[in-house]
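Chains as they are written, first to last, in my numbering: chain P, 18 to 504; chain W, 315 to 806. We put the CB at the ideal spot given by N, CA and C, even for glycine. Down below is the structure, laid out as structure tokens.
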């Protein structure tokens, strides 16, 4: 199985195309696409078991694609992309289960394409290839919002697409310039990040290129102040798209900063770390406060998600071992928690056709099991002990202290801002006055879709060392590189 | 020996045009049969053309007979192939439409062949007067095709507008030739280059160059010369619009490239700022114009101006050291041509008899009844917009890299911004097809048109992601390699 990574990318994508072309009914398509995701999950778990705990690239595949321009189909996996790939493959099949009742063909097919696109973007080691996947996975989201969203969905799908493409196109220009610079300096075109790593630029050019990349990724994450698309898009988007965007795509943005910006512009990234650490902290507090003010649950958790992602960005820019470890662990644990939470929001919406705090209340009396799970996932976002969130927050705080005592102190005290709105939500919708005539308990499919996530979150909180051992070498190597760089 | 072979495919098309005209005059065959005969003639010509897409070569055709006026090289051979494929696809995708409407008289096919014949001549012309004659005779055929719908006032309006303005602008080319001749004493392309190499004084050649440039810019509808584009593209019936936007524009670029690269290379410093200026205003003007359009046909017509703008970026880059600029033009032309032929093919296929369904309203909910056609249309729109994994992306990739390579990074930035704006108007079509409730029913007859469109859509995708790993298909590399070879053959 030396082409395992290609299989992970193309099995979902190609099956989406085949299923689109075949005249099948929705039921068959649902089963087929679910089994495809299950298959890729098994494959990715197998790959996880084969994955060696060292820092180099593994399962590398490289084929020439466009020879004259040095573009190649170059993919590989290391400890960090492993997280993204695993999370994608774990969340996807559960996502299918969580709204098994939907009978819309496009939903399943678009999710399959975005699945392949996410995996591809996480594995690419060539900038053009990365750009291809990065853009391609936007298309299914465009369709999901426009086809299955609500309210001003058409406008929002367009706005979201334009917003993110604007960032990507500037990045494309930067990518082209990088390739050209490689030609200037080394006499051949190349877009491979290992080649481009060795380029030298003057400070102004570096700043421009760096900004173009950061701009594209900050929109996707989103970082303050590029978040203006976020609340409205989440409000209009269907749950499936939101889970993908918040649990997976946003994380991919952080990962891309780490993979591309840190590799290509090590120097500047390190110099500007103070700015981004502060921005991350500020974003965390800002989005936290914004979340408190929301009345609509999707928007509330959209901001909550953005708040945590700002924290992750702070972590990766703190440039030390613990902060990196914490950031990557949070990527994984937050992906699971937020995926689960948004799925549960979908379940609420299915039952009540509303996600407004005022229309919900007292669910605990009508659906105790639902409430237990909801409370668990909500708390796991905050990072209560025994969940993966706790471990990652602890690591992040240690990292922040190592970076700077003052910032560490601010981080430690404001980290729990999430508790404020999470408790408010729990109090209002789980307890509080009974507002709904009836609230159906979780059914089998829904249980099946969230139990694995709950177990994983627990496992990540109880046995962190098992999960950390696979990413430690990569994190260590990077931070060593950077510390040696400081000296 | 070889040079006898070469003109065979040219002769096939030329004789075919005459035969089709006679058939149209003396028999009463249906459009269906006529279209099959035309497709056969074109395929035959393609077969004879096919052999020349290999190694580098360049030779004068029947040097004594034609007095070095015609030159056959990789460049001409590639362009001839594109014209033939263009005509083939235009007839194949527009066939259903031509059958359903009553104004496509039998002479249409003859005119298409005449147009192709002249375009082939144009791409081979190694002498300015020959180029002019070929350009004008291709234009005349196109004029008539634009006005072929006699029952429609707008088509007649388009015909007159195009005819008057086109002939007027054609005169500039002739005047330019006169100036060049006055200085050089020859209209051979090679002679002009020689003259520029030896002599210091070349003011008249500059003037002649600018005059010829005006005609060329008019034909490729660059701002401000392209004011005719919207009305003419809109007035012409759909397959003809596709033919103009795709194939005819390529023919103009073939002659522009040959003159600019072979002749005027020594004057590139003089022409660069002009070309840059024109490409900037073409891109900005075209984008604004496109944003204002309310129906899809006009939107595609206006956006063709923006695509000309991208091509002009690369044309400006050819005046610098960049070796990749000229091949990138050819690649982009092919990319644009495939997408255009497909998009217009879909439009003409869903037309109801002779009412064209081209408004955004008509497309609302189209995907619900025709998922496959809607998917193909989306592929073409994505390719226009330069979305990755389509051939349009690679086209833009080559153009922008060539601009960056020649130090025109601001032009590349402008192109990127225009590409961003274009996302809006192309995605709007996709949004209409998928996100709205169905407004009307389409009773489409079964025909092989959708299959042809489907093949074009696959080509668009394969052009964007194709690899050399699949042995039986050419990879994404092949086209750009061929384009490079054809540019090299210009200088043999």
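CB contact below 8 Å: residue 719/W versus chain P: To locate residue 719/W, count along the second chain from 1; it is residue 405. With 8 Å as the cut-off, residue 719/W counts as an interface residue toward chain P.
message: When you compare the CB positions of residue 446/W and residue 487/W, do they come within less than 8 Å of one another, or not?
response: What you label residue 446/W is simply residue 132 of the second chain in a count that begins at 1. What you label residue 487/W is simply residue 173 of the second chain in a count that begins at 1. In contact: residue 446/W and residue 487/W (Cβ atoms closer than 8 Å).
- prompt: Touch check for the region 344-362 of chain P and the region 426-434 of chain P: three-plus C-beta pairs under 8 Å?
  reply: no
- prompt: Excluding the five sequence neighbours on either side, which residues of its own chain have a C-beta within less than 7 Å of the C-beta of residue 372/P, listed in chain order?
  reply: Position 355 of the first chain, counted from the first residue, corresponds to residue 372/P. Counting only Cβ-Cβ distances below 7 Å, and skipping sequence neighbours, we find 313, 314, 315, 362, 365, 366.
task: Return yes when the Cβ of residue 135/P is within less than 8 Å of the Cβ of residue 92/P, no when it is not.
output: Reading the first chain from its first residue, position 75 is the one you call residue 92/P. Reading the first chain from its first residue, position 118 is the one you call residue 135/P. No.
query: In the DSSP assignment, what are the bridge partners of residue 384/W?
result: Taking the first residue of the second chain as 1, we reach residue 384/W at position 70. Residue 384/W is bridged to 439/W.
query: Cα separation between residue 502/P and residue 282/P?
result: Your numbering for residue 502/P matches position 485 in the first chain. Your numbering for residue 282/P matches position 265 in the first chain. Its pLDDT being 49, under 50, residue 502/P is placed unreliably in this model, and the coordinates cannot settle the point.
field: CB contact check: residue 293/W to chain P, cutoff 8 Å
entry: This structure cannot speak to residue 293/W, because chain W is shown only from 315 to 806.
message: For the region 179-199 of chain P, list every residue whose C-beta sits within 8 Å of some C-beta in chain W, in sequence order.
response: 179, 182, 183, 186, 187, 189, 190, 193, 194, 196, 197
task: Would you identify the three-state DSSP class for residue 152/P, choosing helix, strand or coil?
output: Translated into the one-based positions of the first chain, residue 152/P becomes position 135. Reduced to three states, the DSSP call for residue 152/P is helix.
message: Count Cβ pairs between the region 650-662 of chain W and the region 556-569 of chain W that sit closer than 8 Å; are there 3 or more?
response: yes
query: What is the rounded straight-line gap between the Cα of residue 464/P and the Cα of residue 378/P?
result: Counted from its first residue, the first chain places residue 464/P at position 447. Counted from its first residue, the first chain places residue 378/P at position 361. If I take the Cα positions, the gap works out to 21 Å.
Enclosing beta strand (DSSP E) for residue 183/P [first to last residue]: Within the first chain, numbered from 1, the residue matching residue 183/P stands at position 166. Not the beta strand (DSSP E): residue 183/P falls in the alpha helix (DSSP H), residues 170-203.
task: Anything in chain W within Cβ reach of residue 148/P, meaning under 8 Å, just list it in chain order.
output: What you label residue 148/P is simply residue 131 of the first chain in a count that begins at 1. Chain W residues near residue 148/P: 702.
query: For residue 331/W, which residues from the same chain have a beta carbon less than 7 Å from its beta carbon, with the 5 sequence-adjacent residues on both sides left out?
result: Along the second chain, read from residue 1 onward, the residue named residue 331/W stands at position 17. Excluding positions up to five away in sequence, the list reads 424, 427, 428, 431.
Nearest-angstrom Cα separation, counted from residue 493/P out to residue 310/P: Mapped onto the first chain, residue 310/P falls at position 293. Mapped onto the first chain, residue 493/P falls at position 476. For residue 310/P and residue 493/P, the distance between alpha carbons rounds to 39 Å.
Spatial neighbours of residue 436/W in its chain, beta-carbon cut-off 7 Å, leaving aside the 5 residues before and after: In the second chain, residue 436/W corresponds to position 122, counting from 1. Answer for residue 436/W: 445, 448, 449, 452, 565, 568, 569, listed in chain order.
field: Straight-line gap, residue 439/P to residue 399/P (C-alpha atoms, nearest Å)
entry: What you label residue 439/P is simply residue 422 of the first chain in a count that begins at 1. What you label residue 399/P is simply residue 382 of the first chain in a count that begins at 1. Roughly 8 Å separates the two Cα atoms.
DSSP state of residue 80/P mapped onto helix, strand, coil: Mapped onto the first chain, residue 80/P falls at position 63. Here residue 80/P sits in strand by DSSP.
task: Look at the alpha carbon of residue 452/P and the alpha carbon of residue 709/W, and state the distance between them as a whole number of angstroms.
output: Along the first chain, one-based indexing puts residue 452/P at 435. Along the second chain, one-based indexing puts residue 709/W at 395. Taking the straight line from one Cα to the other gives about 58 Å.
- prompt: Rounded to a whole number of angstroms, what is the C-alpha to C-alpha distance between residue 470/W and residue 406/W?
  reply: Within the second chain, the letter at position 156 stands for residue 470/W. Within the second chain, the letter at position 92 stands for residue 406/W. When rounded, the distance between both Cα atoms is 25 Å.
field: Cβ neighbour criterion (16 or more within 10 Å) applied to residue 363/W
entry: Locating residue 363/W in the second chain gives position 49, where the first residue counts as 1. Burial call: buried.
- request: Go ahead and label residue 268/P buried or exposed: buried means 16 or more other beta carbons lie within 10 angstroms of its beta carbon, across all protein chains shown.
  value: The residue given as residue 268/P occupies position 251 in the first chain. The residue in question, residue 268/P, is buried, as its Cβ has 16 or more Cβ neighbours within 10 Å.
- request: Consider the Cβ of residue 467/W: report whether some Cβ of chain P lies at a distance smaller than 8 Å.
  value: Along the second chain, read from residue 1 onward, the residue named residue 467/W stands at position 153. No, residue 467/W lies away from the interface with chain P (no Cβ there is under 8 Å from its Cβ).
task: Pull up the CB-CB distance for residue 304/P and residue 323/P, whole angstroms please, since I reckon it's below 8 Å.
output: Numbered from 1 along the first chain, position 287 holds the residue referred to as residue 304/P. Numbered from 1 along the first chain, position 306 holds the residue referred to as residue 323/P. 4 Å between Cβ atoms; contact.
query: Given residue 494/W, which residues of its chain have a CB within under 6 Å of its CB, disregarding the five upstream and five downstream residues?
result: Here residue 494/W is taken as the residue at index 180 of the second chain, counted from 1. Excluding positions up to five away in sequence, the list reads 519, 522.
message: DSSP has residue 92/P in a bridge; who is on the other side?
response: Here residue 92/P refers to the residue found at position 75 of the first chain. Answer is 78/P, 141/P.
field: CB contact check: residue 370/W to chain P, cutoff 8 Å
entry: Within the second chain, numbered from 1, the residue matching residue 370/W stands at position 56. No, its Cβ sits nowhere closer than 8 Å to a Cβ of chain P.
query: Measuring CB to CB, does residue 398/W end up less than 8 Å from residue 356/W?
result: Mapped onto the second chain, residue 398/W falls at position 84. Mapped onto the second chain, residue 356/W falls at position 42. A contact, by the Cβ cut-off of 8 Å.
message: For residue 174/P, would you say it is in contact with chain W, using Cβ-to-Cβ distances shorter than 8 Å as the test?
response: Looking up residue 174/P in the first chain gives position 157. Interface residue, yes.
query: Using a Cβ-Cβ cut-off of 8 Å (strictly less than) and excluding sequence neighbours within five positions of residue 670/W, which residues of its own chain qualify?
result: As a first step, residue 670/W is located in the second chain; it is residue number 356 there, counting from the start. So the list reads 551, 552, 611, 661, 662, once near-sequence residues are dropped.
- request: Compare the C-beta of residue 714/W with all C-beta atoms of chain P and state if any pair is closer than 8 Å.
  value: Position 400 of the second chain, counted from the start, is the residue given in the question as residue 714/W. It does: the Cβ of residue 714/W has a partner Cβ on chain P nearer than 8 Å.
message: By alpha-carbon positions, which one of 187/P, 217/P, 458/P ends up nearest to residue 382/P?
response: Numbered from 1 along the first chain, position 365 holds the residue referred to as residue 382/P. Taking only the C-alpha atoms, the option nearest residue 382/P is 458/P.
query: Any contact of the region 68-77 of chain P with the region 145-158 of chain P, i.e. 3+ C-beta pairs under 8 Å?
result: no
field: Backbone CA spacing between residue 25/P and residue 61/P [nearest angstrom]
entry: Reading the first chain from its first residue, position 8 is the one you call residue 25/P. Reading the first chain from its first residue, position 44 is the one you call residue 61/P. Distance between the alpha carbons of residue 25/P and residue 61/P is about 7 Å.
message: For chain P, check one thing: does any of its Cβ atoms lie closer than 8 Å to the Cβ of residue 489/W?
response: Here residue 489/W refers to the residue found at position 175 when the second chain is read from its first residue. For residue 489/W, the answer is no, since every Cβ of chain P falls outside 8 Å of its Cβ.
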